[in-house]
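Inspection log for the structure reproduced underneath, given as structure tokens.
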Amino acid sequence: MAIDLQGLVKSGVITAATRAPLRIGFTAAHCRESANTLFTNERVTPPVSARHVVDRYLSLVEPLGVRARTVEFPLPTDGGAGARIDEFLAGAGLKPRDRLVVLNPGAGRPDKRWPLAQFRGLARRLIDDAGAAVLVVWGPSELEEARAIVGTERAGRAALAPPTNLDELLAVLRRASVVVAGDTGPLHLAAALGTPCVGLYGPTSAERNGPYRQVHRTLTAPGGAMASLDGEPVFRSVAEILVR
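For what it's worth, our numbering labels the leading residue of the sequence shown as 237, then goes sequentially.
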């Protein structure tokens, strides 16, 4: 059995190459490339209610008699990584889950990134107006941008996260009160952990690709351009979560 989640020609070729007798995919109207259906032999039309990509993917296992009543995202816990992050936070004067807001300015595509000036303004308001502490996480090639958000004037209230592996990043996200990020991996990891998120969306659909579950907030930039997303509603969304 092979299940093609992507609905592309190239994913269809890989699916066919498995020579699985049962090859499940979407119907043509729901594939990203309709020719994908040439490579599958069991095709599913997602229910109208399946607007989120997670629900769409889950519909593909229904031909197997499987219906998900609850959706969980089990992720590993590494005690050593947690201890390292706790040590870092203590050294930076930050307390886990005590109004700790994690900002992730990076994204895999430039058009998914909220401007650095907006992130920096948000960090200042969270510290000055909401009494929060801010930790900025970053990935390869994003260090200078993260430093620009933290600045130098708020020692003990804003900090630059250390370089992290996946286990350490999960530990950071577990210790956050709120995570603010664009449509990118750390946002969805935080949502999977159950950490409240504020997702910032522009060129991609928040309804389809937003953090899964209703505890989270999403904001969509007018016209799809991230620069058009004002900082005020982002600040309000974070502040409202902090006082819950």
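Ideal placement from N, C-alpha and C gives every residue a C-beta, glycine not left out. Predicted model only: the values in this text are computed from it and were never measured.
> Counting along the chain, where does the beta strand (DSSP E) carrying Leu339 start and finish?
Replying inline: Here residue 339 is taken as the residue at index 103 of the sequence shown, counted from 1. Segment Leu336 to Asn340, the beta strand (DSSP E) holding Leu339.
> Among Val451, Leu274 and Ala417, which one has its Cα closest to the Cα of Gly375?
Replying inline: Locating residue 375 in the sequence shown gives position 139, where the first residue counts as 1. It is Ala417 whose Cα lies nearest to the Cα of Gly375.
>> Since Pro398 and Phe324 should fall inside the 8 Å C-beta cutoff, what is the C-beta to C-beta distance between them, to a whole number of angstroms?
In response: Within the sequence shown, residue 398 is the residue found at index 162, counting from 1. Within the sequence shown, residue 324 is the residue found at index 88, counting from 1. Confirmed, Cβ separation roughly 6 Å.
> Between which two residues does the beta strand (DSSP E) carrying Tyr437 extend?
Replying inline: On the sequence shown, residue 437 is found 201 positions in, with the first residue counted as 1. Where Tyr437 is concerned, the enclosing beta strand (DSSP E) stretches over Cys433 to Tyr437.
>> According to DSSP, is Glu278 part of a helix, a strand, or is it coil?
In response: As a position in the sequence shown, residue 278 is number 42, starting the count at 1. Residue state, collapsed to three classes: strand.
> Can you tell me whether DSSP reads Phe324 as helix, strand or coil?
Replying inline: For the purposes of this step, residue 324 is taken as the residue at position 88 of the sequence shown. Phe324 sits in a helix when the DSSP states are folded into three classes.
> Quick one: is Val249 buried, meaning 16 or more other Cβ sit within 10 Å of its Cβ, or exposed?
Replying inline: Here the question's residue 249 lines up with position 13 in the sequence shown. Exposed.
>> For Leu258, tell me which candidate among Val414, Val451, Leu311 and Ile239 has the shortest Cα-Cα distance.
In response: Here residue 258 corresponds to residue number 22 of the sequence shown, with the count starting at 1. Checking every option, the nearest Cα to that of Leu258 belongs to Ile239.
> Hey, Leu358 and Gly467 are a contact pair by Cβ (cut 8 Å); roughly how many whole angstroms apart?
Replying inline: On the sequence shown, residue 358 is found 122 positions in, with the first residue counted as 1. On the sequence shown, residue 467 is found 231 positions in, with the first residue counted as 1. Taking a contact as a CB-CB distance under 8 Å, the pair Leu358 and Gly467 counts as one, their CB atoms being some 6 Å apart.
> Quick one: any contact between the segment 292-311 and the segment 458-477, if contact means 3 or more CB pairs under 8 Å?
Replying inline: The segment 292-311 is not in contact with the segment 458-477.
> Three or more C-beta pairs closer than 8 Å, one from the segment 271-280 and one from the segment 241-248: is that the case here?
Replying inline: Cβ pair count under 8 Å is three or more, so yes.
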